[in-house]
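Numbers given in the numbering used here equal positions in the sequence shown, counted from 1, plus 57. By construction, the Cβ of each residue, glycine as well, lies at the ideal position given by its N, Cα and C atoms. Heads up, the thing below is written out as structure tokens.
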Amino acid sequence: MEVVGGEVDYTFVIQKSLVLLLCVVLSWKMIVYMCNLLKIEKEPIRVLVTGAAGNIGYAIAPMIAGGMMLGQDQPMILHLLDIEPASKSLEAVKMELQDSAFPLLHGVFATTNIDEACKGVNIAIMIGGFARKEGMERRDVMSKNAVIFKAQASALERYASDDCKVLVIANPANTNALILKEFAPSIPEENITCLTRLDHNRAQARLAEKLSVPVSSVKNVIVWGNHSSTQYPDSNHATVSTKTGDQPVNELLVADQKWLKNEFITEVQQRGAEILRARRQSSALSAAIAACDHIHDWFLGTPKGNWVSMGVCSDGSYSIPPGLVYSFPVICEKGSWKIVQGLNIDEFSREKMDDSARELAEEKALAYSCLDV
Ligand SMILES: NC(=O)C1=CN([C@@H]2O[C@H](COP(=O)(O)OP(=O)(O)OC[C@H]3O[C@@H](n4cnc5c(N)ncnc54)[C@H](O)[C@@H]3O)[C@@H](O)[C@H]2O)C=CC1
Ligand SMILES: O=C([O-])CC(=O)C(=O)O
58 MEVVGGEVDY
68 TFVIQKSLVL
78 LLCVVLSWKM
88 IVYMCNLLKI
98 EKEPIRVLVT
108 GAAGNIGYAI
118 APMIAGGMML
128 GQDQPMILHL
138 LDIEPASKSL
148 EAVKMELQDS
158 AFPLLHGVFA
168 TTNIDEACKG
178 VNIAIMIGGF
188 ARKEGMERRD
198 VMSKNAVIFK
208 AQASALERYA
218 SDDCKVLVIA
228 NPANTNALIL
238 KEFAPSIPEE
248 NITCLTRLDH
258 NRAQARLAEK
268 LSVPVSSVKN
278 VIVWGNHSST
288 QYPDSNHATV
298 STKTGDQPVN
308 ELLVADQKWL
318 KNEFITEVQQ
328 RGAEILRARR
338 QSSALSAAIA
348 ACDHIHDWFL
358 GTPKGNWVSM
368 GVCSDGSYSI
378 PPGLVYSFPV
388 ICEKGSWKIV
398 QGLNIDEFSR
408 EKMDDSAREL
418 AEEKALAYSC
428 LDV
């Protein structure tokens, strides 16, 4: 240390520190530059897609391969799974992906064997399941899916990578995710989620349409609860960015409180059924986009000041019983999510949130009774 006349020369120390800091920054920049020059790529991530020959599977596969889910610098290897009767269509999906020559797609592996499909996967997008047929009771659908998800959980437990992150899309999504959690105990429960981002995106889009603003200017809607008609799309904390800063949606729509408490909620709750009626098939394009959004934000983080809705294991936040997979507002950072805390919940919201939790508790009991646990 430089000592002048018995005293520390602080100017010298600060100068030295700044030079050192500059050297560190320059070396780091140099390393990044060299990596880019040498085209050193990230290791490919293995992504499992179950039900890959179906509607959503066909829509999501090119989105993942094109970088929408994991970013434009993240290569991946796709593991596509479907059941034997769909094996020809599955092979066709694989061929089309290969023919698309996606630069980030380092391999496609298609199989009807669940154990093989799960080997080493880092992300599992669970779309495959048993769809309700006319005249079937809820119990029949639940029992078929409970059996499927129990078996898939065991395969993930045995063969997936330790850090595997799971997104369940197949309905009943929340309860299927819960079964998966029960039967894959070594996968950390925070790694098991279900898709309610489609409902979140729908709610954001309805508000933007009502306010005649771009959808990107609306943020922080919430979808609480089950991915079913008891879900509660909540506009109370949503804002719109304007030239003078963020404005609460409820203030901008002060004359439309009746609409916010009625049509807005039912339109979002019933949007899936509306699309099913119009298309005679359930939403696939928007479901695939929402799944990409869900994983993208989970891996790469939510933008500062924004939250999104994700079906996650309740930790008792907002008095939602632990042991349910429930949709909450979450913030994501460095591959982890955190439930947004401290939001004010009015009486109207409380009732709706509890209704959906009650439905999930009933679904859980039904699923367990089907599995004899
Ligand atoms: N959570 C959400 O926001 C949404 C959920 N969904 C749900 O996503 C699921 C898939 O929808 P679509 O792709 O339109 O259905 P789809 O019927 O077109 O495709 C499902 C695919 O899963 C396969 N499959 C069935 N059992 C399987 C198993 N045990 N293992 C692997 N694959 C299996 C089928 O052969 C089929 O190829 C449905 O349960 C649907 O209700 C749909 C839209 C939104
Ligand atoms: O019921 C379905 O299969 C469709 C669905 O979940 C949705 O569009 O939200």
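Taking 3 residues as the minimum length, the beta strand (DSSP E) runs contained wholly in the region 59-140 are 102-107, 133-138, in order along the chain. A distance criterion of 6 Å places the beta-carbon of G282 beyond contact range of ligand 1, judged by its closest non-hydrogen atom.
In the structure shown, the three-state DSSP call for A330 is helix. Sequence-distant partners of D313 (beyond 5 residues in either direction) whose C-beta falls short of 8 Å from its own C-beta, in its chain, are K267. Under DSSP, T359 forms no beta bridge with any residue. Runs of the alpha helix (DSSP H) lying entirely within the region 205-248 and spanning at least 4 residues, in chain order: 230-240. Assignment of T253 by DSSP, reduced to helix, strand and coil, places it in the coil class. For D172, the enclosing alpha helix (DSSP H) stretches over residues 171-175. Residue pairing of D291 in beta bridges, as defined by DSSP: I279.
With a 10 Å radius around the Cβ and a threshold of 16 neighbouring Cβ atoms, W85 comes out exposed. Restricting attention to P119, Q72, A143, the CA atom closest to the CA of L342 is found in P119. Assignment of T323 by DSSP, reduced to helix, strand and coil, places it in the helix class. Counting only the Cα atoms, V165 lies some 34 Å from M87. The criterion of a C-beta distance shorter than 7 Å is not satisfied by T253 and H294.
The region 216-235 and the region 180-191 touch, with no fewer than 3 CB-CB distances between them shorter than 8 Å. Proximity of the beta carbon of N112 to ligand 1 is indicated: a heavy atom of the ligand is located closer than 6 Å. Where M193 is concerned, there is no enclosing beta strand (DSSP E), because DSSP gives it neither an H nor an E. The residue among A262, R263, N258, S218 with its C-alpha nearest the C-alpha of A241 is S218. Where W316 is concerned, the enclosing alpha helix (DSSP H) starts and stops at 314-318.
Taking the Cα of L423 as reference, the smallest distance to any Cα among E148, V198, M133, A262 is reached at V198. According to DSSP, residue pairing for C370 in a beta bridge involves V382.
For C80, the number of other beta carbons within 10 angstroms of its own is below 16, and it is reported as exposed. Apart from sequence neighbours up to five positions away, the residues of its chain that approach M410 with a beta-carbon distance below 8 Å are W281, G282, Y289, Y375, I377, I402, ordered along the chain. The Cβ atoms of A345 and L255 lie no closer than 7 Å to each other. Of the candidates S146, R195, G108, I117, the residue whose Cα lies closest to the Cα of I171 is G108. Nearest neighbour of A418 by Cα position, chosen from N233, K176, V178, turns out to be N233.
In terms of CA proximity to E324, A262 leads the group A262, I140, D354, D372.
Taking C-beta atoms under 8 Å as the contact rule, S298 and S269 fail to qualify, at a distance of about 14 Å.
In its chain, beyond the 5 residues on either side, T169 have a beta carbon closer than 6 Å to the beta carbon of E141. Secondary structure of L310 (DSSP, three-state): coil. Proximity of the region 203-216 to the region 391-408 falls short of the contact definition, fewer than three beta-carbon pairs being nearer than 8 Å.
Listed by position in the chain, the residues whose beta carbon lies within less than 5 Å of some heavy atom of ligand 2 are G329, S339, S340. Straight through space, the alpha carbons of G185 and A143 are spaced by roughly 11 Å. Here DSSP, grouped into helix, strand and coil, assigns H284 to coil. Just measuring C-alpha positions, the residue of D130, M183, F405 sitting nearest H136 is M183.
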